[in-house]
Amino acid sequence: MRINVIKSSMPPFEEYVEAIRPLWDSVWLTNMGVNHEKLSEKLCEYLKVKNVSLFVNGHMALEMTLQALDLDGEVITTPFTFASTTHAIVRNGLKPVFCDINPDTYTIDADKIEALITPKTCAIVPVHVYGCICDVEKIEAIAKKHCLKVIYDAAHAFGCEYKGKGIGAFGDASMFSFHATKVFHTIEGGAISTEDEHLMKELYKLKDFGIKNEEVVDGIGANAKMNEFCAVMGLCNLEYVDGEIEKRRLVVERYREHLSNIPGLKILPVQKDVKPNYAYFPIVIDENIFGCDRQTVMDRLKENDIYTRKYFYPLTSDMDCYRGRFDPSLTPVAQQAAERVLTLPMSATLATDDVDRICTIIKELAGETAK
Ligand SMILES: *Cc1c(COP(=O)(O)O)cnc(C)c1O
């Protein structure tokens, strides 16, 4: 049977249907309805953050936050991410300055940030990759010293905590994605967490065309509101998300048991003081030791109806739309990670037998090709 790289979690059908039934009476379908309000409150609690502003998706949440903070100049970020992070910076007329990543966590290498700071630097946009979290303490110290804003792309980090603190409580703001493929989803959706009340007000306005009141439009906004059907999906899924993360944990443990000691195959570290969410399971293949390259592993799995993803590849700095504007070789660790990484199937519903089957194929390949 076909195994996809990702499978969305679904709440029981009847629960969703019951929860949307009142919408046929109220006919309040979008524009900050009751479910929108309820989901914001519940997410504040779950994520352990002060405020949550809901959006139509994670990308618009990030893009509008950069706009609302009224930034100008250069933004230090990483190219080892989804297109969204870099696009959000560029679409705001800001210049991304790419910092290399840490070879263990795939997140921004905090020790390389300061060398990239210039008088034009206004912010840092680090990414919590695969649910691995950034060095939030070091980043905070650098930002404080140089008066820079920090906006985290926390699209992969729903429910993660560092030293008991919600991951969205770090930095000036954090963006979460609630896309169907993420650990927690609202079909499409996203949110910003922030302690900045002024930013909250600006976002409320910007995601509704910059409308301040009936007669005053004082922001050049767009439409990025979350509708009620998506908010209800979120409320239903939130009831089950702890159970889903627990199931993911078992999948990851099984993967780890199988794949921990294979020469030339690297897996994610267990991070100290971090409550993980088991969002993805990437493996990094060093062809010289493993004996064959990432493509071969991907193809062999595909022959067995198992679908993996080169995530993230290419680097955003190497994407066709940015060709000639950046030099990917300036971030060699990220460049190598992009060439070697493969994310294996990962979802709460992935059966132990399937994990075993996937790992057997990988181990066979390692046996055939080991040097
Ligand atoms: C999913 C994702 C986004 C974008 O979120 P959407 O909700 O799909 O708009 C941004 N950054 C990263 C790292 C992501 O994985």
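Using the numbering used here, read the sequence shown as starting at 73 and increasing by one per residue.
A virtual CB, placed ideally from N, CA and C, is assigned to each residue, including glycine.
If you draw a straight line from the alpha carbon of residue 163 to that of residue 431, how long is it in whole angstroms?
-> 41 Å
Identify the continuous beta strand (DSSP E) that holds residue 354 and give its terminal residues.
-> 353-357 is the extent of the beta strand (DSSP E) around residue 354.
For residue 176, which option in 112, 193, 408 has the closest C-alpha, if you only look at C-alpha atoms?
-> 408
Report the rounded CA-to-CA distance for residue 266 versus residue 197, giving the unit in angstroms.
-> 14 Å
Do residue 257 and residue 309 have their CB atoms nearer than 9 Å?
-> yes
Under the assumption that residue 154 contacts residue 384 (Cβ atoms under 8 Å), give the Cβ distance between them as a whole number of angstroms.
-> Beta-carbon to beta-carbon, residue 154 and residue 384 are separated by about 7 Å, close enough to satisfy the 8 Å threshold.
Given 8 Å as the limit, is there contact between the segment 191-209 and the segment 419-429, that is, 3 or more CB pairs closer than that?
-> no
With a CB to CB cut of under 8 Å and the five nearest residues on each side skipped, what residues in its chain are close to residue 453?
-> Outside the modelled stretch of the chain, which goes from 73 to 443, sits residue 453, for which no answer is possible.
Within 8 Å: the Cβ of residue 227 and any heavy atom of ligand 1?
-> yes
C-alpha distance - residue 335 paired with residue 361, whole-angstrom precision | 6 Å
Backbone CA spacing between residue 373 and residue 364 [nearest angstrom] | Distance between the alpha carbons of residue 373 and residue 364 is about 13 Å.
Is the closest heavy atom of ligand 1 to the C-beta of residue 418 under 8 Å?
-> no
If you compare alpha carbons, which of 434, 403, 435 is closest to residue 171?
-> Ranking the options by Cα distance to residue 171, first place goes to 403.
Answer yes if the segment 338-354 comes into contact with the segment 220-240, meaning at least three C-beta pairs across the two stretches below 8 Å, and no otherwise.
-> yes
Under 9 Å between the Cβ atoms of residue 199 and residue 225?
-> Going by C-beta atoms, residue 199 is nearer than 9 Å to residue 225.
Cα separation between residue 434 and residue 357?
-> 11 Å
Residue 87 versus residue 114: straight-line alpha-carbon distance, rounded = 17 Å
Return the CA-CA distance between residue 299 and residue 278, expressed in angstroms with no decimal places.
-> 16 Å
Are residue 179 and residue 388 close, meaning C-beta to C-beta below 9 Å?
-> no
Residues near residue 247 by beta carbon distance below 8 Å, same chain, minus five either side | 130, 133, 134, 137, 223, 224, 225, 226, 227, 262, 263, 264
Give the DSSP-derived three-state secondary structure of residue 163 in the structure shown.
-> coil
Kindly list the residues whose CB is nearer than 7 Å to the CB of residue 324, restricted to its own chain and excluding five residues on each side of it in sequence; keep chain order.
-> 350, 353
So residue 312 is in the alpha helix (DSSP H); what residue range does that whole segment cover?
-> 300-331
What is the DSSP secondary structure of residue 194, reduced to helix, strand or coil?
-> strand
DSSP three-state assignment for residue 424, whether helix, strand or coil | helix
May I have the straight-line CA-CA distance separating residue 242 from residue 184, to the nearest angstrom?
-> 20 Å
Distance CB(residue 73)-CB(residue 377) smaller than 9 Å = yes
Run through DSSP, which three-state label would residue 400 get?
-> helix
Is any beta-carbon of chain B found at less than 9 Å from that of residue 122?
-> In the displayed structure, chain B is absent; only one protein chain is listed.
Helix, strand or coil for residue 414, going by three-state DSSP, please let me know.
-> strand
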